[in-house]
Structures are given as C-alpha cells and as structure tokens.
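**Q** Below are the structure tokens for one structure; questions will follow.
Residue numbers (the working numbering): 8 to 126.
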C-alpha cells in the first residue's frame, strides 16, 4: 500500500518540476527575444518606435527628444550590437516575476506579444 503512494508522489513531484522548468524557459526565451528586438531597433536607429512601445511610466519621466538623444549617444559610444541575448533566470528572479504577476502588479514580460511580433 505504501509503495504505490510513493510512486504517485514521485510522479507528481517530477511533473511539477518539469512544468516549472518549461515556464522558466519560456520566460527566458521571451526576454531574449525582447532584448534582441531592442538591439535591432537600436542598430536601425528606430528610437521613436522604442519610445512609443515603452512603458507609460518611462514616457511620463522623459520626453521623446531627451530619450532619443540619450539612446543616440549610447549607440554612438557602443557601436553596432552584433551578439544575441542569452538569459538565465535564477530562482529569486523567477519568484519575483511570479509574485508581481500574481499580486496584480505591472506585467514585466508579455511573452505572447513578443512571440507574436516575431512571426
């Protein structure tokens, strides 16, 4: 009687770990795609598009002219970005992302919109 319970418990734990890994990897992929898109926009000097797609809080703190000036300056100093993003989310960041989305805070990552823009 005890043996089937242990097998069931093991299967539940393995299933939970697998789902957690898939959710984490999905978030990492979404962040990587967003960073790569941002870098492409910087390389193509699409500063207006970056500003227009940014968070309302950012737009309330800085004008588009100042934002564009700062991005242009950074781009001139750093040059063309050629590398692709690699993101690893550790446990603490993953918990913070889940807590913010569950607690009704601002959505930090919109995975579906990132994936939709790519296609």
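Each residue gets a CB set at the ideal place from its N, CA and C atoms; glycine is no exception. Remember, it's a predicted structure, so these values are computed and weren't measured experimentally.
Hey, out of 93, 54, 92 and 83, whose CA is closest to residue 152's CA?
**A** Because the chain is modelled from 8 through 126, residue 152 falls outside the range shown and cannot be assessed.
**Q** Would you say the stretch 79 to 95 touches the stretch 55 to 69, given that touching needs at least three Cβ pairs under 8 Å?
**A** Because the criterion of three Cβ pairs below 8 Å is not met, the stretch 79 to 95 and the stretch 55 to 69 do not touch.
**Q** Determine the direct distance from the alpha carbon of residue 34 to that of residue 109, and round the result to whole angstroms.
**A** For the purposes of this step, residue 109 is taken as the residue at position 102 of the chain shown. For the purposes of this step, residue 34 is taken as the residue at position 27 of the chain shown. With a pLDDT of only 48 at residue 109, under 50, the local geometry of the prediction cannot be trusted, and the value read off the model is given with reservation. In a straight line, the C-alpha of residue 109 is about 15 Å away from that of residue 34.
**Q** Per DSSP, what kind of secondary structure is residue 95 in: helix, strand or coil?
**A** Your numbering for residue 95 matches position 88 in the chain shown. In this structure, residue 95 counts as coil in the three-state DSSP scheme.
**Q** Would you please state the rounded distance, in angstroms, between the beta carbons of residue 58 and residue 71? I believe it to be under 8 Å.
**A** As a first step, residue 58 must be located in the chain shown, where it is residue number 51. As a first step, residue 71 must be located in the chain shown, where it is residue number 64. Correct: roughly 5 Å between the Cβ atoms.
**Q** Would you give the residue range spanned by the alpha helix (DSSP H) that residue 67 belongs to?
**A** Locating residue 67 in the chain shown gives position 60, where the first residue counts as 1. First-last of the alpha helix (DSSP H) with residue 67: 63 to 68.
**Q** Closest to residue 83 by C-alpha separation, out of 49, 37 and 63, would be which residue?
**A** Within the chain shown, the letter at position 76 stands for residue 83. The residue with the shortest Cα to Cα distance from residue 83 is 49.
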